[in-house]
Amino acid sequence: MRLLETPDDTDFRHSAREWLDANVPREKRPHDGWEQREFDLTWQKRQYEAGWAGISWPTEYDGKGLPLVRQAIWHEEYARAGAPQIGAMFIGLSHAGPTLIVKGSEEHKQRYLPAILKGEEVWCQGFSEPGAGSDLASLTTSGRIEDDHLVVNGSKIWTTYGPVADLQELLIRTSSEKPRHKGLSWVICDLRSEGVSIRPIKAMSGYTHFCQIHYDDVRIPIENVVGDIDGGWSVAMATLGFERGTGTIGHQMELSRWMDQLVRMARELPGPCGEERAIDNGEVAGQLARLKADVAALQAMTSMAIARNMRQEVPGAEGNLVALQFGELVRRVHGFAFELAGNEAFERDGPWGDWPYEYLDGFKWGIGGGTLEIRRNTIGERLLGLPKGRS
Numbered sequence: 004m005r006l007l008e009t010p011d012d013t014d015f016r017h018s019a020r021e022w023l024d025a026n027v028p029r030e031k032r033p034h035d036g037w038e039q040r041e042f043d044l045t046w047q048k049r050q051y052e053a054g055w056a057g058i059s060w061p062t063e064y065d066g067k068g069l070p071l072v073r074q075a076i077w078h079e080e081y082a083r084a085g086a087p088q089i090g091a092m093f094i095g096l097s098h099a100g101p102t103l104i105v106k107g108s109e110e111h112k113q114r115y116l117p118a119i120l121k122g123e124e125v126w127c128q129g130f131s132e133p134g135a136g137s138d139l140a141s142l143t144t145s146g147r148i149e150d151d152h153l154v155v156n157g158s159k160i161w162t163t164y165g166p167v168a169d170l171q172e173l174l175i176r177t178s179s180e181k182p183r184h185k186g187l188s189w190v191i192c193d194l195r196s197e198g199v200s201i202r203p204i205k206a207m208s209g210y211t212h213f214c215q216i217h218y219d220d221v222r223i224p225i226e227n228v229v230g231d232i233d234g235g236w237s238v239a240m241a242t243l244g245f246e247r248g249t250g251t252i253g254h255q256m257e258l259s260r261w262m263d264q265l266v267r268m269a270r271e272l273p274g275p276c277g278e279e280r281a282i283d284n285g286e287v288a289g290q291l292a293r294l295k296a297d298v299a300a301l302q303a304m305t306s307m308a309i310a311r312n313m314r315q316e317v318p319g320a321e322g323n324l325v326a327l328q329f330g331e332l333v334r335r336v337h338g339f340a341f342e343l344a345g346n347e348a349f350e351r352d353g354p355w356g357d358w359p360y361e362y363l364d365g366f367k368w369g370i371g372g373g374t375l376e377i378r379r380n381t382i383g384e385r386l387l388g389l390p391k392g393r394s
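Laid out in structure tokens, this is it:
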């Protein structure tokens, strides 16, 4: 399945391609820390000033108000041009922003959405806890009401881009008397608040995108609650719907570019059985064909998700299909690069690209936003109507 383009869509594609070819940064994006943050913010600001930010976001919040198909076209051209990862902007653009558009108050939208698009603030997500990973309903970080504030205590972990973030989409328990799913609240936490402490965690890729965040009597204004107090479960499901559905479009297009690189490698490297080119080996060619077909299938599934989202405000459980396919496929593509290139693939910034970082970093897609096992359970229960599995 592919989304049909109108003549206006094609004109949009050509304009996007022309601008990207002329403006994509040629300097290498830093891998980590505040230098990476500043690079990402500067690049986001450049896109905003040229009119290429928030393509499908409402015009009243500095977006362009265009159909989702135009956003998909932008992502395709973005990947084709070899543009840098959105990195530190991912949560704001793919999670927090879309959630605020459908669930936030008018004040939330006016305050936060333009700042995201302008590259002025970095967001992170505060869902997982040391004792509550994929089972969000069991989280214990608490928020008690004192006058016009919530006083938050507890901790969150595996917080991507937390070490360099300004704001956080934070899920907390505001009632211990209601059923697990009905005592939660989704709040906007300013990480510069007193009582917030951040401990970076080095990932196996060698970088510190992750962290654990502790909250010690952190005071958050009541107006920072998105939706209703104790009504955060539905807001969180909207957030995860965006994350698991169309939120990875940019990364999928980048995966397609890596797949093209893998094919080029097979045409230039010698084969495992003495062939002049690896691609002349039947097993290598077969594996490449399977991977390329799976990438095409993923793109078709995403096109279906885009078409569906154009008819509904909040993505449904179908996004788990895309998230499951992507989480498995990204590791298979990067893993095959090591089989194909051997020792050369282990060279950071080597002749075939930074495969070691991409491979190690890719494991997050099978964990973040719900493990692959959780996604399979959700597909079985909510899409196929199967009975819940026994613990």
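Number 193 in my numbering belongs to position 190 of the sequence shown; there are no gaps in the numbering. Think of the CB as a built atom: it goes at the ideal place given N, C-alpha and C, for glycine as much as any other residue.
Practice prompt. Could you please give me the residues that DSSP links to Cys3 through a beta bridge?
Written response: The first residue shown for the chain is 4 and the last is 394, placing residue 3 beyond what the model contains.
Worksheet item: Smallest Cα separation from Glu172: which of Met256, Gly186 and Cys127?
Response: Looking up residue 172 in the sequence shown gives position 169. Of Met256, Gly186 and Cys127, the residue nearest in Cα terms is Cys127.
Discussion item. Rounded to the nearest angstrom, what separates Asn156 and Thr374 at their Cα positions?
Written reply: Numbered from 1 along the sequence shown, position 153 holds the residue referred to as residue 156. Numbered from 1 along the sequence shown, position 371 holds the residue referred to as residue 374. When rounded, the distance between both Cα atoms is 26 angstroms.
Item to complete: Counting only the same chain and skipping the five closest in sequence on each side, list residues whose C-beta sits under 7 angstroms from that of His152.
Response: Position 149 of the sequence shown, counted from the start, is the residue given in the question as residue 152. Taken in chain order, the residues that qualify are Arg222, Ile223, Pro224 and Ile225.
Worksheet item: Excluding sequence positions up to five away, which residues of its chain have a Cβ less than 6 angstroms from the Cβ of Val238?
Response: As a first step, residue 238 is located in the sequence shown; it is residue number 235 there, counting from the start. Lys106, Trp189, Val229 and Gly230.
Worksheet item: To the nearest angstrom, how far is it from the Cα of Ala19 to the Cα of Met256?
Response: Translated into positions along the sequence shown, residue 19 becomes position 16. Translated into positions along the sequence shown, residue 256 becomes position 253. Looking at the two C-alpha atoms, the distance is approximately 15 angstroms.
Worksheet entry | Residues near Gly388 in its chain [Cβ-Cβ closer than 8 angstroms; skip 5 each side] | As a working mapping, residue 388 is identified with position 385 in the sequence shown. Nothing listed; no residue qualifies.
Worksheet entry | C-beta atoms of Ser200 and His212 nearer than 7 angstroms | The residue labelled residue 200 in the question sits at position 197 within the sequence shown. The residue labelled residue 212 in the question sits at position 209 within the sequence shown. Taking 7 angstroms as the Cβ cut-off, Ser200 and His212 do not qualify as a contacting pair.
Discussion item. Please identify the residue among Arg147, Ala140, Tyr210 and Glu30 whose C-alpha is closest to the C-alpha of Ala86.
Written reply: Within the sequence shown, numbered from 1, the residue matching residue 86 stands at position 83. The shortest Cα separation from Ala86 among Arg147, Ala140, Tyr210 and Glu30 belongs to Glu30.
Worksheet item: Going by Cα to Cα distance, which pick from Lys112, Glu63 and Tyr164 is closest to Glu41?
Response: Translated into the one-based positions of the sequence shown, residue 41 becomes position 38. Ranking the options by Cα distance to Glu41, first place goes to Tyr164.
Worksheet entry | Nearest to Glu149 (by Cα), restricted to the options Met268, Leu96, Asp220 and Ser158 | On the sequence shown, position 146 is the one that residue 149 refers to. Taking only the C-alpha atoms, the option nearest Glu149 is Asp220.
Worksheet item: To the nearest angstrom, how far is it from the Cα of Pro133 to the Cα of Leu142?
Response: Within the sequence shown, the letter at position 130 stands for residue 133. Within the sequence shown, the letter at position 139 stands for residue 142. Distance between the alpha carbons of Pro133 and Leu142: 9 angstroms.
Worksheet item: Ala483 to Arg378, Cα distance in whole Å?
Response: Outside the modelled stretch of the chain, which goes from 4 to 394, sits residue 483, for which no answer is possible.
Worksheet item: Under the three-state reduction of DSSP, which class applies to Lys121: helix, strand or coil?
Response: Translated into positions along the sequence shown, residue 121 becomes position 118. Lys121: coil per DSSP, three-state reduction.
Worksheet item: Exposed or buried, Val28, counting other C-beta atoms within 10 Å across all chains shown (16 or more means buried)?
Response: Here residue 28 refers to the residue found at position 25 when the sequence shown is read from its first residue. Looking at the sequence itself, residue 28 is Pro, so the reference to Val does not match. Exposed is the call here.
Worksheet entry | Sequence-distant residues of the same chain with beta carbon closer than 6 angstroms to Gly146, five excluded per side | Along the sequence shown, one-based indexing puts residue 146 at 143. Leu153, Val155, Ile175 and Thr177.
Worksheet item: Does the segment 100-117 touch the segment 280-296, meaning 3 or more C-beta pairs lie closer than 8 angstroms?
Response: no
Fill in: Start and end residues, beta strand (DSSP E) containing His152
In the sequence shown, residue 152 corresponds to position 149, counting from 1. Note, His152: beta strand (DSSP E), His152 to Lys159.
Worksheet item: So, using beta-carbon positions, are Gly100 and Ile119 closer together than 7 angstroms?
Response: Position 97 of the sequence shown, counted from the first residue, corresponds to residue 100. Position 116 of the sequence shown, counted from the first residue, corresponds to residue 119. Yes. Within cutoff.
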